[in-house]
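Student: One structure is given below, represented as structure tokens, and several questions about it will come after.
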Ligand SMILES: [Cu+2]
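Residue numbers (my numbering): 8 to 251.
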């Protein structure tokens with residue numbers, strides 16, 4: 008393959024790369040909010056934002072892979088009695104190799120810093136009078152109790168805009184406590200209490216599911232939770248039977 012053909016191929020590949028990058032960025036900006044569960048907490052806003060940032064950052068990389076694969080299929084193939092061509096000599100090209108190394112290093116370090124930062128924010132407590140909820144998983148139900156109130160219920164009620172500290176444990180086997188709408192997911196282990204925080208910021212109902220296979224009825228270990236106003240929460244608590 009001549010140098011001019013190579014240059015033409017490379018130019019075409021760059022245009023394909025640029026076009027595919029634009030497609031990837033558009034998908035990254037709009038798809039997460041559309042595909043992921045509706046956000047009902049501060050954690051979930053951060054989770055969706057993290058998906059957007061990571062997808063947008065990955066778009067040029069994925070576009071590069073697809074562009075070179077498309078060109079390898081379309082151009083750099085053996086035709087008739089031609090001498091097979093391996094395409095442009097990429098590995099011997101210092102600029103291509105250096106650019107690839109520098110860009111992928113910057114991307115990886117950026118994602119690492121973002122990930123660690125998001126994890127710290129996500130797991131951190133604001134320390135402002137959180138509502139403590141004890142969560143217990145057992146085959147195949149969840150139960151919730153509110154320390155200081157003697158209330159234990161199969162229903163989870165949370166007041167709006169108040170931080171919640173879930174203290175999660177299990178009675179029989181390992182379960183997984185998952186509120187998709189709140190970006191809350193943690194294993195429920197026997198004999199161990201694991202805490203996780205969130206602040207609900209939308210009124211409504213949400214599903215609570217188990218994410219660890221825990222036996223025959225694992226798939227049915229699902230219940231409904233409610234985010235209500237502070238006033239509704241107080242009256243709900245008062246209406247519950249008091250356990251000794
Ligand atoms: Cu399960």
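Where is the CB? At the ideal position from N, CA and C, for every residue including glycine.
#1: Would you mind stating whether residue 203 and residue 180 have Cβ atoms separated by less than 8 Å?
#2: DSSP on residue 105, reduced to helix/strand/coil?
#3: Measuring straight from C-alpha to C-alpha, what distance separates residue 51 and residue 71?
#4: On the DSSP bridge assignment, give the partners of residue 217 in chain order.
#5: Here's the rule I'm using: 16 or more other beta-carbon atoms within 10 Å means buried, otherwise exposed. How should residue 22 be labelled?
#6: Rounded to whole angstroms, what's the CA-CA distance from residue 205 to residue 230? Just pull it up for me.
#7: I need the straight-line Cα distance from residue 167 to residue 114, nearest angstrom please.
#8: Going by Cα to Cα distance, which pick from 60, 36, 224 and 35 is closest to residue 148?
#9: Is the region 109–123 touching the region 135–150 in the sense that three or more CB pairs, one from each, lie closer than 8 Å?
#10: Within this structure, are the beta carbons of residue 43 and residue 213 separated by less than 8 Å?
#11: If you check the beta carbons only, do residue 27 and residue 74 fall under 8 Å apart?
#12: For the alpha helix (DSSP H) containing residue 52, list its first residue and its last residue.
#13: Starting from the C-beta of residue 154, find all residues in its chain whose C-beta is less than 7 Å away, skip the five residues before and the five after it, and write them out in chain order.
#14: Would residue 41 be called buried (16 or more neighbouring beta carbons within 10 Å of its own) or exposed?
#15: Tell me where the alpha helix (DSSP H) around residue 246 begins and ends.
#16: What are the start and end residues of the beta strand (DSSP E) that includes residue 157?
#17: How would you label residue 161, buried or exposed, when you count the other beta carbons within 10 angstroms and need 16 or more for buried?
#18: Taking the C-alpha atoms as reference points, what is the distance between residue 3 and residue 120?
#19: Looking only at its own chain, which residues have a Cβ that is under 6 Å from the Cβ of residue 249, when we skip the five neighbours before and after it?
#20: Closest to residue 197 by C-alpha separation, out of 67, 182, 210 and 209, would be which residue?
#21: Quick one: what's residue 149 bridged to in DSSP?
#22: Roughly how many angstroms separate the alpha carbons of residue 188 and residue 240, rounded to a whole number?
#23: Taking 7 Å as the cut-off, is the C-beta of residue 228 nearer than that to any heavy atom in ligand 1?
Tutor: Let's see:
#1: Cβ distance not < 8 Å, so residue 203 and residue 180 don't count as in contact.
#2: Helix, per DSSP.
#3: Those two C-alpha atoms are separated by around 31 Å.
#4: DSSP lists 184 as the beta-bridge partner residues of residue 217.
#5: Label assigned to residue 22: exposed.
#6: Roughly 18 Å separates the two Cα atoms.
#7: Here the alpha carbon of residue 167 sits roughly 37 Å from the alpha carbon of residue 114.
#8: Per the Cα distances, 224.
#9: Of all C-beta pairs linking the region 135–150 to the region 109–123, fewer than three are shorter than 8 Å, placing the two stretches out of contact.
#10: Contact: no.
#11: Going by C-beta atoms, residue 27 is nearer than 8 Å to residue 74.
#12: Counting along the chain, the alpha helix (DSSP H) containing residue 52 begins and ends at 49–81.
#13: Take residue 154, set aside five residues on each side of it, and the residues of its chain with a beta-carbon closer than 7 Å to its own are 139 and 141, in chain order.
#14: It is exposed - the Cβ of residue 41 has fewer than 16 other Cβ atoms within 10 Å.
#15: 237–246 is the extent of the alpha helix (DSSP H) around residue 246.
#16: For residue 157, there is no enclosing beta strand (DSSP E), as DSSP gives it neither H nor E.
#17: Exposed is the call here.
#18: Residue 3 lies beyond the residue range present for the chain, which begins at 8 and ends at 251; the question has no answer from this structure.
#19: Answer for residue 249: 157, listed in chain order.
#20: The alpha carbon of residue 197 has as its nearest neighbour, out of 67, 182, 210 and 209, the alpha carbon of 182.
#21: Paired residues: 144.
#22: Rounded to whole angstroms, the gap between the alpha carbons of residue 188 and residue 240 is 19 Å.
#23: True, at least one ligand heavy atom lies under 7 Å from that Cβ.
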